[in-house]
Every structure is written in structure tokens, then in C-alpha cells.
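In our numbering, the protein residues as written are 20 to 146.
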Ligand SMILES: [Zn+2]
């Protein structure tokens, strides 16, 4: 098991938006139009785009609306992690560890002025 300190080495060179997407999910925007599947003529894909990391996703469908196979993705440059690029890692982070890294980057321990939910609500109501 890789120590937390070595997993945190990812933070030094992995883009912030990539960590956010891995930790909390992509911000998918559905794009109009359909794309053809490379091998199945009766299958069409709906294309979505992540506004945060620029990942592109294709969800495949039959004309009935039934989903077909796994999604396809075009990852942005540098999104895919290779252990060769992180010599001090012996495995990739778990989802929980990604979330921990994202929360650390967001200042979980260091931000002194984090508002409570009720404070945020009050601000919004008075605005
Ligand atoms: Zn994303």
C-alpha cells in the first residue's frame, strides 16, 4: 500500500481540475447530434463534454433507447495516470484518496474562514 505522503506527490504535477473530476465526478454537458459507432451500424452515440477537464464521453444506444455496451472516452492530455510517471507510487489512488487529495487542495485543514451551510444560506437570502 502506498503511503499517503507518496500519493500526495500527485498533487505536485497533476492538474487541479483532473483531481476534482476523479474525486467528485465530471461536469457533463450533453452535446447535440449523434455519432456513429465504429463497428455496429445500428448503434449511435450521444456525445458529452466535461467542462472541467475536457474529457469527452460517448454513451451508446440502440434506436429503442436501450444502452449498448460500455461508454467510450477521449481523455484530455495527461489525464490518464501511468505509474511510470510517478516513480514513488506503487499503485494508483483509491476514490476515497482522490477525494482526500481534492479536499486538501481545497483547503480542508487550512482555510480559516470556511462558511457553514447556514451562513451561506443567509448570504444568499439577503443578496
Ligand atoms: Zn471532468
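Where is the CB? At the ideal position from N, CA and C, for every residue including glycine.
Tell me the rounded alpha-carbon separation between residue i and residue j.
i: residue 89; j: residue 79; result: 7 Å
i: residue 108; j: residue 63; result: 39 Å
i: residue 116; j: residue 96; result: 22 Å
i: residue 49; j: residue 99; result: 22 Å
i: residue 46; j: residue 92; result: 14 Å
i: residue 128; j: residue 104; result: 28 Å
i: residue 31; j: residue 84; result: 43 Å
i: residue 70; j: residue 106; result: 30 Å
i: residue 120; j: residue 130; result: 15 Å
i: residue 188; j: residue 77; result: As displayed, the chain neither begins before 20 nor continues past 146, which places residue 188 out of reach and without an answer.
i: residue 42; j: residue 53; result: 29 Å
i: residue 114; j: residue 124; result: 15 Å
i: residue 61; j: residue 136; result: 49 Å
i: residue 34; j: residue 75; result: 17 Å
i: residue 27; j: residue 73; result: 23 Å
i: residue 29; j: residue 82; result: 42 Å
i: residue 112; j: residue 44; result: 15 Å
When burial is assigned at 16 or more other CB atoms within 10 Å of the CB, is residue i buried or exposed?
i: residue 101; result: exposed
i: residue 39; result: buried
i: residue 86; result: exposed
i: residue 110; result: exposed
i: residue 58; result: exposed
Using the DSSP secondary-structure output, state which residues sit across from residue i in a beta bridge.
i: residue 80; result: 63 and 86
i: residue 37; result: Partner(s): none; residue 37 has no beta bridge.
i: residue 93; result: 75
i: residue 50; result: None, per the DSSP bridge assignment.
For residue i, does the three-state DSSP call read helix, strand or coil?
i: residue 32; result: helix
Legend entry - Sequence ranges, alpha helix (DSSP H) only - wholly within the region 109-143, length at least 4: 114-124
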